[in-house]
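Asks:
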Amino acid sequence: MTQTITISGHTFILHPSAAVFWEERNTLLISDVHLGKVSHFRKHGMAIPESAIRSNFDRLDAVVAYFAPKTVIFMGDLFHSNKNREWGLFEDWVRSAEAKMVLIAGNHDIISQDHYDGLDIGIYEELIVDGFLLTHHPEEREGLFNLCGHIHPAIELRGMGRQFLKLPCFFQKHQQMILPAFGEFTGTYVMTPEAHDCVYAIAKDRIVLVC
């Protein structure tokens, strides 16, 4: 179940995959996929099943098929480190997709731009579109609403006694929304909402407004 919100007169659809669809631009925003991380961990002896390598691509397939966007903007940290076996899977995925791909560079995006040029993927430090500032790291800039990633935001919900639940979330402040990490095995950082912040938690297949 998705959640539709309006920011500065534009419609954004929050999806339980951690992606956001920008309706007016027919654009899908995805942050912190960290492709290659599973292979990196497996190479260093961590007992992660082989099937986990395919999981991120299956999730990408599903959300792109759901929205059929004209453009997909990756909001940084698309690939976790240097090229490994998952780069070939990524090349195949891009070539089979109909959408135009764009990357806003993050701190983990160290693969040479030449490799992205070969896939017709434009790389930018930031983009400004219709009054929105798209970056990887959170930024504050007067007159612009910032859409960003990097933090891997989560919210901690406490119940009776010592019970608590940590859920990834879309974290919206006055002039900023931080997207949750799309990739698996990425970890999260618990955010503490302040007055007037909006938190949209991902609870399995639903988006839940929790404060």
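Numbered by the numbering used here, the letters in the sequence shown go through residues -10 to 200 in order.
We put the beta carbon where it would ideally sit given N, CA and C, even for glycine.
Of all Cβ atoms in chain D, is any one closer than 8 angstroms to the Cβ of His163?
Replies: Here chain D cannot be found, since the structure has a single protein chain.
Asks: On the CB-based measure, 16 or more other CB atoms within 10 Å of its CB, does His33 come out buried or exposed?
Replies: Position 44 of the sequence shown, counting from 1, holds the residue named residue 33. Low confidence applies here, because His33 scores a pLDDT of 49, under 50, leaving its location unreliable and the question unanswered by this model.
Asks: Rounded to the nearest angstrom, how far is the Cβ of Asp160 from that of Asp21, given a contact under 8 angstroms?
Replies: Residue mapping note: residue 160 aligns to position 171 of the sequence shown, counting from 1. Residue mapping note: residue 21 aligns to position 32 of the sequence shown, counting from 1. The amino acid at residue 160 is misidentified as Asp; the sequence shows Phe. No, Phe160 and Asp21 are not in contact; Cβ-Cβ is about 13 angstroms, not under 8 angstroms.
Asks: Which word fits Met(-10), buried or exposed, when buried means at least 16 other C-beta atoms lie within 10 angstroms of its C-beta?
Replies: One-based indexing of the sequence shown puts residue -10 at position 1. Exposed.
Asks: DSSP state of Glu131, grouped into three classes?
Replies: In the sequence shown, the residue the question calls residue 131 occupies position 142. Glu131 falls in the coil class under three-state DSSP.
Asks: Taking 8 angstroms as the threshold (C-beta atoms), are Leu24 and Ala8 in contact?
Replies: Locating residue 8 in the sequence shown gives position 19, where the first residue counts as 1. Locating residue 24 in the sequence shown gives position 35, where the first residue counts as 1. Not closer than 8 angstroms, so no.
Asks: Beta-carbon within less than 6 angstroms of Pro182's beta-carbon, same chain only, minus the 5 sequence neighbours each way: which residues are those?
Replies: Residue mapping note: residue 182 aligns to position 193 of the sequence shown, counting from 1. Only Val188, Cys200 meet the Cβ criterion.
Asks: Tell me the DSSP secondary structure of Ala41 in three-state form.
Replies: In the sequence shown, residue 41 corresponds to position 52, counting from 1. Correct three-state label for Ala41: helix.
Asks: Using three-state DSSP, classify Leu108 as helix, strand or coil.
Replies: Taking the first residue of the sequence shown as 1, we reach residue 108 at position 119. Leu108 falls in the coil class under three-state DSSP.
Asks: Just how far apart, CA to CA, sit Cys137 and Ala190?
Replies: For this step, residue 137 is matched to residue 148 along the sequence shown. For this step, residue 190 is matched to residue 201 along the sequence shown. Near 16 angstroms, if we compare the C-alpha coordinates of Ala190 and Cys137.
Asks: Are the Cβ atoms of Ile93 and Ile62 separated by less than 8 angstroms?
Replies: As a working mapping, residue 93 is identified with position 104 in the sequence shown. As a working mapping, residue 62 is identified with position 73 in the sequence shown. Against a cut-off of 8 angstroms, the Cβ pair of Ile62 and Ile93 comes out as a contact.
Asks: When we look at the beta-carbon of Gln102 and count the other beta-carbons within 10 Å, is it buried (16 or more) or exposed?
Replies: On the sequence shown, residue 102 is found 113 positions in, with the first residue counted as 1. The residue is exposed, with fewer than 16 neighbouring Cβ atoms inside 10 Å.
Asks: DSSP puts Pro157 in a beta bridge; with which residues?
Replies: For the purposes of this step, residue 157 is taken as residue 168 along the sequence shown, with counting starting at 1. The partner list for Pro157 (beta bridge, DSSP) reads Ala143.
Asks: Just mark Thr0 as buried or exposed, buried being the case when its beta carbon has 16 or more other beta carbons within 10 Å.
Replies: Translated into positions along the sequence shown, residue 0 becomes position 11. Label assigned to Thr0: exposed.
Asks: Let me know if Ile117 comes out buried or exposed under the rule of 16 or more other beta-carbons within 10 Å of its beta-carbon.
Replies: Start at 1 with the first residue of the sequence shown, and residue 117 comes out as number 128. It is exposed - the Cβ of Ile117 has fewer than 16 other Cβ atoms within 10 Å.
Asks: Taking 6 angstroms as the limit between beta carbons, can you name the residues of its chain near Gly95, skipping five residues before and five after?
Replies: For the purposes of this step, residue 95 is identified with residue 106 of the sequence shown, where counting begins at 1. The residues are Gly65, Asp66, His125.
Asks: Quick check: His163 and His139, are their CB atoms within less than 8 angstroms of each other?
Replies: Mapped onto the sequence shown, residue 163 falls at position 174. Mapped onto the sequence shown, residue 139 falls at position 150. Contact: no.
Asks: By a C-beta neighbour count over all protein chains shown, 10 Å radius and 16 as the cutoff for buried, is Gln165 buried or exposed?
Replies: Translated into positions along the sequence shown, residue 165 becomes position 176. Per the 10 Å Cβ criterion, buried.
Asks: Ala123 to Ile167, Cα distance in whole Å?
Replies: Mapped onto the sequence shown, residue 123 falls at position 134. Mapped onto the sequence shown, residue 167 falls at position 178. Note that residue 123 is Leu in the sequence shown, not Ala. For Leu123 and Ile167, the distance between alpha carbons rounds to 10 angstroms.
Asks: Name the two residues that bound the continuous beta strand (DSSP E) containing Arg151.
Replies: Position 162 of the sequence shown, counted from the start, is the residue given in the question as residue 151. Unbroken run through Arg151: none, as it is neither H nor E.
Asks: Let me check understanding here. Comparing Cα to Cα, which of Pro169, Ala51, Phe174 lies closest to Pro142?
Replies: For the purposes of this step, residue 142 is identified with residue 153 of the sequence shown, where counting begins at 1. Nearest C-alpha to Pro142: Pro169.
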